[in-house]
Amino acid sequence: MPHRYAVIGNPIAHSQSPVIHAAFAEQCGEVIDYGRILGDRHDFAADVQRFFAQGGLGLNVTLPFKEQAWALVDERSERAEVAGAVNTLIVLPDGRLRGDNTDGIGLVRDLADNHGFTFAGARVLLLGAGGAARGVLVPLLGSGLRELVIANRTAERAHTLAVLGSGSSTVPVAACGFEGLIGERFDLVINATSAGLSGAVPPIPADLLAPGGWTYDMLYGAEPTAFCRWGQAHGAARSLDGLGMLVEQAAESFRLWRGVRPRTAEVIAMLRAAD
Ligand code: NDP
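If you want our numbering, it's the 1-based position in the sequence shown plus 1387.
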């Protein structure tokens, strides 16, 4: 019997996770069965319990259940603890559930390993203070960057996130509204807002990038995202979207479950070609 894994979300039909994990399994010579589960918005816990009771070994969790998964597990990694959200469920040998969050390490690895961004000494701006921004906080602060600034439309939420980040790291973390960015320069600007879902870009100053600065949009799609286009138009040395982050977070989940870390470049290339 192949070892069973799945991704649970609602909606779920669009999820690329089964394709990604099938490619990882083939590459690593592992036999797994990775499916999709349309989660019940009113009884997520029952879906999870059923999956594991039937012998499932691990679940990826996507919208809108990441916070519920955080509350459900018996123990959490530190990065999941601070994220307030869990995207990977692992069943422990004693049957208890462990929750992890691999989004942030996915972001850092995509930038550093796949594209060669040097975090050491970098001044980094994180746009947004919702679930995506909070989810990447711990790995980002552990990346070697010099200073993190969090800017959000609702400045108060950026401040709350900065306090959370400061509590988990010695790296300086500042926060502001978008108007507080005037005159500031960054080596890397990461867009973790959902503005791009409606084709918009947060109202940020045109001269935000330091010479050689990069932009990274957590959003991805067949066409360049609005924020990628903003980067290209405002002198970014590199302007990346979040497809690599999606594949890297999956690779970290696969490693947690299977103990092997798959190569990601060929899987990213496969998904790009399919767009
Ligand atoms: P949330 O709804 O939790 O947060 C939305 C954030 O965007 C808030 O900070 C909000 O500001 C801000 N925002 C929304 N609209 C605008 C706008 N028009 N101008 C400026 N700011 C705006 O969403 P998530 O954090 O869950 O998701 C954010 C993005 O990250 C999504 O596009 C999602 O697809 C992407 N993502 C990508 C992943 C990947 O693997 N590549 C993983 C996870 C997420 P305010 O607080 O003021 O409302």
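We treat Cβ as the ideally placed atom computed from N, Cα and C, and that holds for glycine.
Quick check: residue i and residue j, are their CB atoms within less than 8 Å of each other?
i	j	result
residue 1514	residue 1405	no
residue 1532	residue 1548	no
residue 1350	residue 1422	This structure leaves residue 1350 out entirely; the chain is present only between 1388 and 1662.
residue 1535	residue 1550	no
residue 1561	residue 1600	no
residue 1408	residue 1641	yes
residue 1655	residue 1627	no
residue 1567	residue 1520	no
residue 1397	residue 1451	yes
residue 1659	residue 1417	no
What span of residues does the beta strand (DSSP E) with residue i cover, start to end?
i	result
residue 1566	Element bounds for residue 1566: n/a, residue is neither H nor E.
residue 1422	1419–1425
residue 1538	1534–1538
residue 1621	Here residue 1621 belongs to no beta strand (DSSP E), and DSSP marks it neither H nor E.
residue 1526	Segment 1524–1528 is the alpha helix (DSSP H) holding residue 1526; no beta strand (DSSP E) there.
residue 1393	1390–1396
residue 1480	It is not in any beta strand (DSSP E) - residue 1480 carries neither H nor E in the DSSP assignment.
Let me know if residue i comes out buried or exposed under the rule of 16 or more other beta-carbons within 10 Å of its beta-carbon.
i	result
residue 1528	buried
residue 1651	buried
residue 1402	buried
residue 1610	exposed
residue 1437	exposed
residue 1580	buried
residue 1464	buried
residue 1619	exposed
residue 1481	exposed
residue 1476	buried
residue 1479	exposed
residue 1574	buried
residue 1543	exposed
residue 1635	buried
residue 1410	buried
residue 1638	buried
residue 1442	exposed
residue 1467	buried
residue 1554	exposed
residue 1509	buried
residue 1412	buried
residue 1493	buried
residue 1456	buried
residue 1545	buried
residue 1503	exposed
Closest to residue i by CA distance: which of the options is it?
i	options	result
residue 1594	1441, 1650, 1416, 1569	1569
residue 1483	1587, 1418, 1461	1461
residue 1622	1655, 1576, 1407, 1635	1576
residue 1414	1435, 1647, 1512	1647
residue 1388	1419, 1506, 1602	1419
residue 1582	1530, 1564, 1614	1614
residue 1445	1455, 1660, 1395, 1612	1395
residue 1633	1509, 1458, 1616, 1448	1448
residue 1541	1554, 1557, 1556, 1517	1517
residue 1530	1627, 1557, 1538, 1643	1557
residue 1598	1586, 1571, 1585, 1591	1571
residue 1433	1459, 1493, 1559, 1563	1459
residue 1612	1592, 1545, 1660, 1584	1584
residue 1522	1565, 1454, 1586	1454
residue 1586	1653, 1616, 1659, 1658	1616
Quick check on the DSSP output: the alpha helix (DSSP H) that includes residue i runs from which residue to which?
i	result
residue 1492	1490–1496
residue 1542	1542–1555
residue 1648	From DSSP, residue 1648 is part of no alpha helix (DSSP H); its letter is neither H nor E.
residue 1573	Taken as a continuous stretch (DSSP letters only), residue 1573 belongs to no alpha helix (DSSP H), being part of the beta strand (DSSP E) at 1573–1578.
residue 1428	Note, residue 1428: premise wrong, no alpha helix (DSSP H); not H, not E.
residue 1470	1465–1470
So is residue i in contact with chain B if we call contact Cβ pairs under 8 Å?
i	result
residue 1450	No chain B is present in this structure, which holds just one protein chain.
For the pair the region 1416–1429 and the region 1479–1495, tell me if three or more CB-CB distances fall below 8 Å. Judged by pairs of C-beta atoms under 8 Å, the region 1416–1429 does not touch the region 1479–1495, as fewer than three such pairs exist.
I'd like to know if the region 1464–1484 and the region 1603–1612 are in contact, where contact means that at least 3 CB-CB pairs between them fall below 8 Å. No: the two stretches stay apart, fewer than three of their Cβ pairs being nearer than 8 Å.
Report yes or no: do the region 1497–1511 and the region 1434–1448 share at least 3 C-beta pairs separated by less than 8 Å? Short answer: they don't touch.
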